[in-house]
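S.K.:
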Amino acid sequence: MKKMRILARDVDPETGDVSYFKAGHTSRLEAVKGERAPKPPTKGQKAARRRRKKQHYAGCRPRPLFHTSTPKLHEDPAERFRLKQEVFANAGNRCVYCGARYPLTLDHIIPLSKGGGWHKENLQCLCAPCNEAKADMMPYEQAA
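Per the working numbering, residue 18 is the first one in the sequence shown, and the count goes up by one each step.
#1: Which one or two residues does DSSP pair with threonine 122 in a beta bridge?
#2: Asparagine 107: which of Ala65, Asn139, Gln72 sits nearest, CA to CA?
#3: Mind checking cysteine 142: buried by the 16 CB within 10 Å criterion, or exposed?
#4: Which residues in the same chain have their Cβ closer than 8 Å to the Cβ of tyrosine 119, if we skip the five residues on either side of it in sequence?
#5: How is valine 163 classed by DSSP in three states: helix, strand or coil?
#6: Please go through the same chain and pick out, in chain order, the residues whose beta-carbon is closer than 7 Å to the beta-carbon of proline 156, but skip the five residues on each side of it.
#7: I need the DSSP call for arginine 111, collapsed to helix, strand or coil.
#8: DSSP three-state call for glycine 61: helix, strand or coil?
#9: Measure the alpha-carbon distance for histidine 73 versus cysteine 115 and round it to whole angstroms.
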């Protein structure tokens with residue numbers, strides 16, 4: 018008989034029974050309650066799931082490339098300020114979404130966390146409430 022490595026243990030608060038989860042158990046329920054684990058999906062079910070996923074993502078725009086190089090403007094405050102003033106001037110010192118004039122912030126259309134960069138085409142002028150509502154969403158993730 019093969020020895021199995023213990024991965025975790027669970028203590029039942031009512032009875033004080035200890036049950037161990039071992040490698041090879043397919044679900045926690047099986048280890049705790051002694052029930053049988055659900056059957057794995059068939060090839061047909063897997064194919065149907067892949068088709069549904071493909072259909073769901075068919076209308077989405079492609080994700081940006083994450084390895085694009087952009088200038089390190091956060092290291093040069095003067096260059097960053099100049100770029101910020103240029104973006105604000107192009108937007109007419111108004112929020113792009115709601116048209117508010119105050120308080121304006123600089124926003125990345127494609128967020129830095131998702132591969133966006135510090136270039137003029139990726140920056141826009143938003144008021145603080147609109148910028149907070151946008152958060153780090155991509156343009157196609159926002160509600161229309």
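Don't be surprised by glycine CBs; every beta carbon is placed ideally from N, CA and C.
M.R.: With the given structure in hand:
#1: For the purposes of this step, residue 122 is taken as residue 105 along the sequence shown, with counting starting at 1. Threonine 122 pairs with Leu143.
#2: The residue labelled residue 107 in the question sits at position 90 within the sequence shown. For the residues Ala65, Asn139, Gln72, the minimum Cα distance to asparagine 107 belongs to Asn139.
#3: Your numbering for residue 142 matches position 125 in the sequence shown. That one is buried.
#4: As a first step, residue 119 is located in the sequence shown; it is residue number 102 there, counting from the start. Answer for tyrosine 119: Cys144, listed in chain order.
#5: Outside the shown range of the chain, which is 18 to 161, sits residue 163, and nothing can be said about it.
#6: Residue numbering aside, residue 156 sits at position 139 when the sequence shown is read from its first letter. Counting only Cβ-Cβ distances below 7 Å, and skipping sequence neighbours, we find Ile126.
#7: Here residue 111 corresponds to residue number 94 of the sequence shown, with the count starting at 1. The answer is coil: DSSP assigns arginine 111 none of H, G, I, E or B.
#8: As a first step, residue 61 is located in the sequence shown; it is residue number 44 there, counting from the start. It is helical.
#9: The residue given as residue 73 occupies position 56 in the sequence shown. The residue given as residue 115 occupies position 98 in the sequence shown. In a straight line, the C-alpha of histidine 73 is about 30 Å away from that of cysteine 115.
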